[in-house]
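Here the sequence shown is numbered in full-length UniProt numbering, starting from 1 and rising by one per residue. Beneath this line is the structure, given in structure tokens, with notes to follow.
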Amino acid sequence: MAESDVADSGDHSAAEDRNAAGPSDDHGASDSSTGGRRAGRARLAVTAGWVLLGLLVLGGVWIVVTGILARSQLNAARAQLSQLRTAVAAGRADEASRLVDAIRDHTGRAAALTSGPAWWVGRNMPGVGSPLQTVSVVVTQANHLADDALPGAVELARTLPAGNGASSIDLPAIEHALPVLARASASTSRATDAVAGADPSWLPFVSNTRSDLLRQLQRLDGELSGADRAARIALPMLGRDRPQRYFVGFMNEAESRGGGGIAGGYAIAVADHGRLRFEHFGTDSDFAHVRSNARLSPELLARYGNTDPTGVIQNSNLTPDFSVTGRIWAGFWEKRTGETVDGALAVDPTALSYLLRVTGGARLADGTRVTTANVVGLTQRDQYRRFPGLTPAANRERKAYLTSVARALSNRLVSGGDRARLARALSRSARERRLVVWSANERTESLLRTAQWAGSFGNEPGAPYSAFVVNNAAGSKLDYYLDRTASYTRRSCAAGGAATATLTLRNSAPRHGLPPYVTYRADKPAFRTHPGDNQLLVTYYGSAGASLRSMTVDGRTVGGAVQTENGLLAVTIALELPVSTSRTVTVTLSEPASHGPVRTLVQPSVRPPRMTVGGARCGS
Numbered sequence: 001m002a003e004s005d006v007a008d009s010g011d012h013s014a015a016e017d018r019n020a021a022g023p024s025d026d027h028g029a030s031d032s033s034t035g036g037r038r039a040g041r042a043r044l045a046v047t048a049g050w051v052l053l054g055l056l057v058l059g060g061v062w063i064v065v066t067g068i069l070a071r072s073q074l075n076a077a078r079a080q081l082s083q084l085r086t087a088v089a090a091g092r093a094d095e096a097s098r099l100v101d102a103i104r105d106h107t108g109r110a111a112a113l114t115s116g117p118a119w120w121v122g123r124n125m126p127g128v129g130s131p132l133q134t135v136s137v138v139v140t141q142a143n144h145l146a147d148d149a150l151p152g153a154v155e156l157a158r159t160l161p162a163g164n165g166a167s168s169i170d171l172p173a174i175e176h177a178l179p180v181l182a183r184a185s186a187s188t189s190r191a192t193d194a195v196a197g198a199d200p201s202w203l204p205f206v207s208n209t210r211s212d213l214l215r216q217l218q219r220l221d222g223e224l225s226g227a228d229r230a231a232r233i234a235l236p237m238l239g240r241d242r243p244q245r246y247f248v249g250f251m252n253e254a255e256s257r258g259g260g261g262i263a264g265g266y267a268i269a270v271a272d273h274g275r276l277r278f279e280h281f282g283t284d285s286d287f288a289h290v291r292s293n294a295r296l297s298p299e300l301l302a303r304y305g306n307t308d309p310t311g312v313i314q315n316s317n318l319t320p321d322f323s324v325t326g327r328i329w330a331g332f333w334e335k336r337t338g339e340t341v342d343g344a345l346a347v348d349p350t351a352l353s354y355l356l357r358v359t360g361g362a363r364l365a366d367g368t369r370v371t372t373a374n375v376v377g378l379t380q381r382d383q384y385r386r387f388p389g390l391t392p393a394a395n396r397e398r399k400a401y402l403t404s405v406a407r408a409l410s411n412r413l414v415s416g417g418d419r420a421r422l423a424r425a426l427s428r429s430a431r432e433r434r435l436v437v438w439s440a441n442e443r444t445e446s447l448l449r450t451a452q453w454a455g456s457f458g459n460e461p462g463a464p465y466s467a468f469v470v471n472n473a474a475g476s477k478l479d480y481y482l483d484r485t486a487s488y489t490r491r492s493c494a495a496g497g498a499a500t501a502t503l504t505l506r507n508s509a510p511r512h513g514l515p516p517y518v519t520y521r522a523d524k525p526a527f528r529t530h531p532g533d534n535q536l537l538v539t540y541y542g543s544a545g546a547s548l549r550s551m552t553v554d555g556r557t558v559g560g561a562v563q564t565e566n567g568l569l570a571v572t573i574a575l576e577l578p579v580s581t582s583r584t585v586t587v588t589l590s591e592p593a594s595h596g597p598v599r600t601l602v603q604p605s606v607r608p609p610r611m612t613v614g615g616a617r618c619g620s
């Protein structure tokens, strides 16, 4: 028993020793294993970090390289876009089609180069992804533009040469092009908005690429939207559905009117299925005892009622708003003949000079050649040298001569010419308000207003307005020699901010040698005058909601008639302007709050006025 007890006791002790030692050996092995795993994980993390860093570096290099290549593709597309514009303007449809294919190839490559995992990761990296997002927007919109908009340019090139001359327009071709033009215009507008809304970026080459594309888009947007509007205007106005009849007034700016110059002559033109012809020519004397049936608003009657614009055709365009003048002219013709017209146009000799540069000149029965170089002087100065007298007989001879000039020029203008160059000449004339159009059709008139062909004017909310308009009050023909310089300066954009507008007028007429008809004073002034002295009605049009602080002439305070027209402030004074002198009108105003650029109206005249704008910039 004792041995057994001892043996058991010894065995127990040995087991305990083993048990005590055993756990100690296992713990050491576990520590070694854990340390190994930790070291492995550390090595893996380091390796992964290097791999990730390598991927980032490679991705960055890939982005830089592909970005440079994409930029090269976009630059090539941009250069070809300029060539495309030239091809379209010249009506070279096949060349335009090839250029569109090339541009699509370049933008497609740029899109492929800027897609993929590296670009996706880069665009979504905080802080540094903004330039890549901008690049993505630029490339995507350039690609959309090539696919959706540029085919419309090809259609435009195919449409421009349609017809055999300026008097024959292929209206079915224009109508066929309309859907494509509309899609192209809408696509370009969307692309322009998207690129304009993209971050300008802190990275110069990205910012420059965005700015370059935006300028191209804005120009193309204007051209395509303009072409789309022009097509929609041309179809009804050129007689797609039925013949359209128009009263065409020929303006003479030697005697200024708010709309340009006095309408001394006119014609009746008919457009029938794209073909234009002139049916009748006449002078203002035809309406000597006629009253237009046009109705004027109370505001217009308050402004012009004392000059009887619906009873005296020479005063029918004292307002700069041609939508009013067009209605008055239509009313004169209807009362005289019983015929209605579908619209009216006013054109001045400078616009005719732009058109004659394309069509070539015309020859009169007496052998005189009327050209782009002499039409302005011939119709507004030289006619009075040829027929200088004040007698009724001299007046009839002069008007007959002007009618012959109008007939010869009209026949020349509809005889043919480069279609694209004619379109540019017409567009320039409209921009300068030297060619304005009114339509009796409200929908067409709305399109004309949007296209800025309507000769209308008025205030836009939030934009300051400043314009001086001159009407000849002497009945002379001295405004051929009138020089004008205008300015507008605003001190702040806040409500009540002060603004100053100035107009300097110079009577540059020669003191001697002018024909009596030119210097004649129909106003019969009570004071002594000299040949060449002139009198003008000067109107300043200011912002809606503006208030007049003061008005001076050569620094001396004067009182003007304060009224409104088309929502604008209108202040008018009579100004005597002696020969070879200058006078300066200064208007000081309190302006409403503004957040847009200054709007103005440049009155068409023989000598284009100079206009400067300074001071606070209230918006872009």
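Yeah, the Cβ is synthetic: ideal placement off N, Cα and C, and Gly gets one too.
Measuring only the C-alpha atoms, how far is residue i from residue j?
{"i": "A184", "j": "P515", "result": "56 Å"}
{"i": "G462", "j": "L409", "result": "43 Å"}
{"i": "G560", "j": "E397", "result": "40 Å"}
{"i": "T350", "j": "R556", "result": "36 Å"}
{"i": "R369", "j": "R363", "result": "4 Å"}
{"i": "Q133", "j": "G226", "result": "31 Å"}
{"i": "R232", "j": "T444", "result": "8 Å"}
{"i": "S543", "j": "T450", "result": "20 Å"}
{"i": "A79", "j": "E253", "result": "43 Å"}
{"i": "A526", "j": "Y520", "result": "14 Å"}
{"i": "N395", "j": "A616", "result": "52 Å"}
{"i": "R484", "j": "V469", "result": "10 Å"}
{"i": "V414", "j": "V558", "result": "50 Å"}
{"i": "L482", "j": "D101", "result": "53 Å"}
{"i": "N208", "j": "Q83", "result": "21 Å"}
{"i": "K399", "j": "F250", "result": "12 Å"}
{"i": "I328", "j": "S316", "result": "7 Å"}
{"i": "residue 627", "j": "G614", "result": "Here the chain covers residues 1 to 620 and nothing more, so residue 627 does not appear."}
{"i": "G311", "j": "T340", "result": "18 Å"}
{"i": "L214", "j": "A430", "result": "26 Å"}
{"i": "G455", "j": "A570", "result": "18 Å"}
{"i": "A574", "j": "A474", "result": "10 Å"}
{"i": "L345", "j": "T140", "result": "44 Å"}
{"i": "R610", "j": "A112", "result": "50 Å"}
Classify residue i as helix, strand or coil using the three-state DSSP reduction.
{"i": "R215", "result": "helix"}
{"i": "E576", "result": "strand"}
{"i": "L81", "result": "helix"}
{"i": "G615", "result": "strand"}
{"i": "E334", "result": "helix"}
{"i": "R369", "result": "strand"}
{"i": "L602", "result": "At residue 602 the sequence reads Val, which differs from the Leu that was named. Looking at V602 - three-state DSSP - the assignment turns out to be coil, as it is neither helix nor strand."}
{"i": "F278", "result": "strand"}
{"i": "G458", "result": "coil"}
{"i": "R431", "result": "helix"}
{"i": "Y488", "result": "strand"}
{"i": "Q452", "result": "coil"}
{"i": "R245", "result": "strand"}
Closest to residue i by CA distance: which of the options is it?
{"i": "G357", "options": "R190, N374 and D272", "result": "The residue asked about is misnamed: residue 357 is Arg in this sequence, not Gly. For the residues R190, N374 and D272, the minimum Cα distance to R357 belongs to N374."}
{"i": "F281", "options": "G311, N143, P172 and V248", "result": "V248"}
{"i": "R385", "options": "L150, V518 and L81", "result": "V518"}
{"i": "H273", "options": "D101, T307, A294 and M237", "result": "M237"}
{"i": "R428", "options": "W453, S466, S547 and A344", "result": "W453"}
{"i": "P510", "options": "N534, D308, A498 and L503", "result": "N534"}
{"i": "A230", "options": "D212, D342, V437 and L276", "result": "V437"}
{"i": "R412", "options": "A440, F387, T372 and G389", "result": "T372"}
{"i": "A501", "options": "T588, G416, L74 and A570", "result": "T588"}
{"i": "L568", "options": "V324, E299, A494 and E442", "result": "E299"}
Mind checking who residue i pairs with in its DSSP beta bridge?
{"i": "W438", "result": "A344"}
{"i": "F468", "result": "Y540"}
{"i": "G265", "result": "F250 and T283"}
{"i": "D272", "result": "R275"}
{"i": "A570", "result": "Y541 and Q563"}
{"i": "A498", "result": "S590"}
Under 8 Å by Cβ, that's how I've got residue i and residue j pegged, so tell me the actual separation to the nearest angstrom.
{"i": "R210", "j": "V195", "result": "6 Å"}
{"i": "T283", "j": "L178", "result": "That belief does not hold up - the Cβ atoms of T283 and L178 are roughly 40 Å apart, past 8 Å."}
{"i": "V606", "j": "D479", "result": "7 Å"}
{"i": "L318", "j": "R257", "result": "6 Å"}
{"i": "S580", "j": "N507", "result": "6 Å"}
Within the 9 Å Cβ cut-off, does residue i reach chain C?
{"i": "Q133", "result": "Absence of chain C from the displayed structure is noted, only one protein chain being present."}
Return yes when at least one heavy atom of the ligand ADP lies under 8 Å from the C-beta of residue i, else no.
{"i": "S256", "result": "As for the ligand ADP, it is missing from this structure, which has no ligand bound."}
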